[in-house]
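Numbering (this note's numbering), first residue to last: 81 to 378.
Ideal placement from N, C-alpha and C gives every residue a C-beta, glycine not left out.
One structure is given below, encoded as structure tokens.
Below, the structure is given as structure tokens:
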């Protein structure tokens, strides 16, 4: 977009960026799972969510500042990836595969339930990231600095949740997912329930904290089920499920807004859906109760 002029070429470039981002996320998560197991794996998967949240917040802020110089200027931020490539070439390594390992089929059955839950998690995670500014604008908060501050506060809550993940991973995925989806749903209902800005901020913080715990829980649950030979492909499936949920999130909000007549009501529907998903995880779905930080089978 720094040099492209037609809308079609800009859209193609964004699709390519999305493909690259999906590959990067898959590779990073796979390497974390390959390098470490047990509590150390849990810690680094939590750190991954924390770092990506903080980085996204920082880049959004920098992008907003650079945007004063024109709509193309923020795209220079992508140049920050170039200096990181050189140390990666020397510091990252590929664990050696066993000579006796054979190529195994795609782990569709192993990851069916984690992927399904992750799609729902992606929808919940992405909802307020996209919609919070519109909610605030709807209650009269139009100052961009104030909106940015509230968004940053929600991102901070997400980072705090991710940072605490290693401590709560002594519990199983079942218990954690129930709490995390419940927190996220209650936060969305708080945002819907009032036009009072402090309550909306509180709801956003509760949802942000819940999703900060939710993402590392989902990815740890998924990768802990995968042997080394299936980990790369399995992590790719999980990443696809997460991105599918994020893609569906604004589409669902748009459709629900058209049906219910308002953005707040659509958020309430998604909040109830998150609570329903928490109930399904607790009662119906085959989600393990064993601690997430125990060493998985390789």
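What residue from 151, 311 and 194 has the CA that sits closest to residue 85's CA?
The shortest C-alpha separation from residue 85 is found at 151.
So residue 76 and residue 126 are in contact, right, with Cβ under 8 angstroms, and what is the actual spacing, rounded?
This structure cannot speak to residue 76, because the chain is shown only from 81 to 378.
What does DSSP give as the partner residue(s) for residue 252 in the beta ladder?
According to DSSP, which records beta bridges pairwise, residue 252 is partnered with 371.
Quick check on residue 163: does DSSP put it in helix, strand or coil?
Of the three classes helix, strand and coil, the one that applies to residue 163 here is helix, per DSSP.
Grouping DSSP H, G and I as helix and E and B as strand, with all else coil, what is residue 275?
It is coil, neither helix nor strand.
In chain order, which alpha helix (DSSP H) runs of at least 4 residues are fully inside the stretch 99-187?
Taking only runs of at least 4 residues, the alpha helix (DSSP H) segments lying wholly in the stretch 99-187 are 118-146 and 161-171.
Using a Cβ-Cβ cut-off of 8 angstroms (strictly less than) and excluding sequence neighbours within five positions of residue 142, which residues of its own chain qualify?
The beta carbon of residue 142 sits closer than 8 angstroms to the beta carbons of 154 and 157 from its chain, once the five residues preceding and following it are set aside; these are given in chain order.
For a test of the three-state rule: what should DSSP assign to residue 341, helix, strand or coil?
Reduced to three states, the DSSP call for residue 341 is coil.
Nearest by alpha-carbon distance to residue 221: which of 103, 266 and 278 is it?
Closest in C-alpha terms to residue 221, from the list 103, 266 and 278, comes 278.
Classify residue 296 as helix, strand or coil using the three-state DSSP reduction.
Residue 296: helix per DSSP, three-state reduction.
In whole angstroms, give me the CA-to-CA distance for residue 361 and residue 367.
Taking the CA atoms as reference points, residue 361 sits about 7 angstroms from residue 367.
Residue 95 to residue 166, Cα distance in whole Å?
Computed Cα separation, rounded: 25 angstroms.
Going by alpha carbons, who is nearest to residue 205 out of 342, 327 and 119?
When only C-alpha atoms are compared, the closest one is 327.
Taking only three categories from DSSP, how would you classify residue 306?
Three-state DSSP puts residue 306 in coil, outside helix and strand.
With burial defined as no fewer than 16 other Cβ atoms inside 10 Å of the residue's Cβ, what is the status of residue 272: buried or exposed?
Buried: at least 16 other Cβ atoms inside 10 Å.
Same chain, Cβ closer than 7 angstroms to residue 250, neighbours up to 5 away in sequence not counted
Answer for residue 250: 371 and 373, listed in chain order.
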